[in-house]
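Taking it in order: structure first as structure tokens, then the write-up.
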Amino acid sequence: MDKNKYNLLIIAILCLVAGCAGTISSVNKNQSLFYEMSEEQADKLVASAMASEFAGSISRVEFPNKGYQATIRFAIDTHTIVAYFIPASGGGKKGFVFEVNHSGTMPISGSSRARSTYNKIIDRAALQFKPGTVTGYGN
Numbered sequence: 000m001d002k003n004k005y006n007l008l009i010i011a012i013l014c015l016v017a018g019c020a021g022t023i024s025s026v027n028k029n030q031s032l033f034y035e036m037s038e039e040q041a042d043k044l045v046a047s048a049m050a051s052e053f054a055g056s057i058s059r060v061e062f063p064n065k066g067y068q069a070t071i072r073f074a075i076d077t078h079t080i081v082a083y084f085i086p087a088s089g090g091g092k093k094g095f096v097f098e099v100n101h102s103g104t105m106p107i108s109g110s111s112r113a114r115s116t117y118n119k120i121i122d123r124a125a126l127q128f129k130p131g132t133v134t135g136y137g138n
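In numbering that gives the first Met the number 0, the protein residues as written are 0 to 138.
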């Protein structure tokens, strides 16, 4: 094997081992929305969306924010997806923003499951609660 092919193989292996990570959030540079709801309602909404996406394999997290986590596995690959509800405010109202973080070695299916989870959370929030523009969050 020549040196160029060898280097490409090493790079490909490193990319596969390193996997991928990302964050999907309702707070971004284009539009930052929060949804007026109580902490109990935000908790139930995120728990319900995670449970429907991951069929009972979720666990509660408390740090850095409250939310739920699931880890998916296939062969030697794993991917962890965590959905958070974060206190937010705007226009004198209080509520929550939502964020889904994912990381692992399943770049295609892990990313798509994270996106699907985020979409479920936002779709359910938009159906039930009034959105507002974020002026402060994380407090």
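Glycine included, each C-beta is placed from N, C-alpha and C at the ideal position. Just so we're clear, the structure is a prediction, and the values are computed from it rather than from any experiment.
Please classify residue i: does DSSP put it in a helix, a strand, or coil?
| i | result |
| --- | --- |
| Ser56 | coil |
| Asn3 | helix |
| Ile50 | One detail in the question is off: residue 50 reads as Ala in this sequence, not Ile. Note: Ala50 maps to helix in three-state DSSP. |
| Glu98 | strand |
The alpha helix (DSSP H) that contains residue i, what's its start and end?
| i | result |
| --- | --- |
| Asp122 | Pro106 to Gln127 |
Please name the residue in the options whose C-alpha comes closest to that of residue i.
| i | options | result |
| --- | --- | --- |
| Ile71 | Gly109, Leu126, Lys43 and Asn27 | Gly109 |
| Asp76 | Tyr67, Ser31, Cys19 and Asn3 | Cys19 |
| Thr132 | Glu38, Ser25 and Ala69 | Ser25 |
| Thr22 | Glu39, Asn118 and Lys129 | Asn118 |
| Gly91 | Asn29, Phe33, Asp1 and Asn3 | Phe33 |
| Thr79 | Asp42, Leu126 and Ala113 | Ala113 |
| Phe97 | Asn29, Tyr136, Lys2 and Asn3 | Tyr136 |
| Phe84 | Ala125, Asn3 and Asp42 | Asp42 |
| Asn64 | Glu38, Phe128 and Gly89 | Glu38 |
| Met49 | Lys93, Ile121, Gln30 and Gln127 | Ile121 |
| Phe128 | Lys2, Asp1 and Lys93 | Lys93 |
Counting along the chain, where does the beta strand (DSSP E) carrying residue i start and finish?
| i | result |
| --- | --- |
| Gln68 | Lys65 to Phe73 |
| Gln31 | In the sequence as presented, Gln is not what sits at residue 31; that position holds Ser. Here Ser31 belongs to no beta strand (DSSP E), and DSSP marks it neither H nor E. |
| Asn27 | It is not in any beta strand (DSSP E) - Asn27 carries neither H nor E in the DSSP assignment. |
| Gly89 | Asp76 to Gly89 |
| Gly131 | Pro130 to Thr132 |
Report the CB separation of residue i from residue j in whole angstroms; it is logged as a contact under 8 Å.
| i | j | result |
| --- | --- | --- |
| Ala74 | Thr116 | That belief does not hold up - the Cβ atoms of Ala74 and Thr116 are roughly 22 Å apart, past 8 Å. |
| Ala46 | Tyr67 | 6 Å |
Any 3 or more C-beta pairs closer than 8 Å across the region 53-61 and the region 96-103:
The region 53-61, when compared against the region 96-103, does not touch it at the 8 Å Cβ threshold.
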